[in-house]
Every structure is written in structure tokens, then in C-alpha cells.
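Numbering (the working numbering), first residue to last: 1 to 172.
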């Protein structure tokens, strides 16, 4: 009986499964997104999210714990240098699984798993880019606002002259 055994064995032995998840986690950290089956993506999410949480605090102890899971110096360095600062303010949910349909060969349910803060399309930090654009627009809008009253004054003066000349003609 399998009472209380909640994780997916993925049809592999324990050593094969740990090697698979370690390699997939390294690939996810290095490439920021990978295509895989839905079952492997869900298993990878459970595997990699605690490592991302550990990476938020850069200590020797945390680096050694993460390295014991990943077995790749390059992946650990990438995780602590570039990934951890981006996810520092997030309280969890570092990955996103997007189902992409079925694989043509065997009709396996496929998915894209990605790190949430590294997607430009869904990234909530895009507001920062908009803020810089707004500042540019506001400076150009301020220039237009400064120039606009000068233009209005010039337009009003000829109208006043035109009315004066018409009054003079009517007086003659």
C-alpha cells in the first residue's frame, strides 16, 4: 500500500529520479525555462523551490546545501548571483508551469516550466520600464506645456489687431 506517499516516483528508481531532478533543476536555473512533461514539471517545482528559498540568503552553509542537491558549481553560482537577487522580495511561487499541449510522438502532456521573475511578457516588474518612459513623456510634456502659452499669446495678438482694423474701417 502507498498510504501517505505523495510524491511522484516518475517510473524510476530513487537514484535515477534524484539525478533526473538535479539535472533538470540545473537546466532550469541556467536557461530560466525548460520544456518537459507535466508530471516532471510538477516534480521539479517541488524539488527546486526550496533551493530557491535557500538561495535568498547567501551563506556558505546554504551554498553547500544547494550544491548537495544540484552537483553543479556553475548552476550554484548562477543561482546565487543572478537568480537570488531577483527573487529576494518574493515569498514563494518562484516557478510557473504552462501547459503546451501534447507531444506528437507519444501524446504525452507537455509543459513549459519557467522562473517567474525572468519572463519579460508576464513580468510584473515591467512597471519600472514604464516609469522611465513616463518620465521621458513628462519631460517632453513639460516642454510642450512651456511652449504652448507662448504660442497662444502669439495667436491672440493677431486676432486683436484684426478686430482693431475692422473697427477702424467701420469708423471711416
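Each residue gets a CB set at the ideal place from its N, CA and C atoms; glycine is no exception.
Starting from residue i, trace the alpha helix (DSSP H) in both directions and tell me its first and last residue.
| i | result |
| --- | --- |
| residue 54 | 38-55 |
| residue 80 | Per DSSP, residue 80 belongs to no alpha helix (DSSP H) and is neither H nor E. |
| residue 60 | 60-70 |
Which whole-angstrom value is the C-beta distance of residue i and residue j, which I expect to be below 8 Å?
| i | j | result |
| --- | --- | --- |
| residue 34 | residue 83 | In fact, because the Cβ distance is near 14 Å, the residues do not count as touching under 8 Å. |
| residue 67 | residue 43 | The Cβ separation is near 21 Å, so there is no contact. |
| residue 48 | residue 25 | 5 Å |
| residue 41 | residue 10 | Incorrect: roughly 11 Å between the Cβ atoms, too far for contact. |
Provide the residue span of the beta strand (DSSP E) that contains residue i, from first to last.
| i | result |
| --- | --- |
| residue 28 | Element bounds for residue 28: not the beta strand (DSSP E) but the alpha helix (DSSP H), 14-31. |
| residue 212 | Not covered by the structure: residue 212. The range shown for the chain is 1 to 172. |
| residue 102 | 95-102 |
Can you say whether residue i is buried or exposed, counting buried as having 16 or more other CB atoms within 10 angstroms of its CB?
| i | result |
| --- | --- |
| residue 1 | exposed |
| residue 70 | buried |
| residue 209 | In the structure displayed, the chain extends from 1 to 172; residue 209 sits before or after that span and is not available. |
| residue 15 | exposed |
| residue 19 | exposed |
| residue 5 | exposed |
| residue 80 | buried |
| residue 78 | buried |
| residue 3 | exposed |
| residue 54 | buried |
Could you name the residues that DSSP lists as bridge partners for residue i?
| i | result |
| --- | --- |
| residue 34 | 113 |
Could you check if residue i belongs to the surroundings of the ligand ATP, using beta carbon to heavy atom distance under 7 Å?
| i | result |
| --- | --- |
| residue 57 | Annotation note on the ligand ATP: not contained in the displayed structure, which lists no ligands. |
Report yes or no: do the region 101-116 and the region 54-69 share at least 3 C-beta pairs separated by less than 8 Å? no
Could you check whether the region 91-99 touches the region 112-119, counting it as contact only if at least three pairs of C-beta atoms, one from each stretch, sit closer than 8 Å? yes
Is the number of C-beta pairs between the region 35-44 and the region 72-89 that are closer than 8 Å three or more? no
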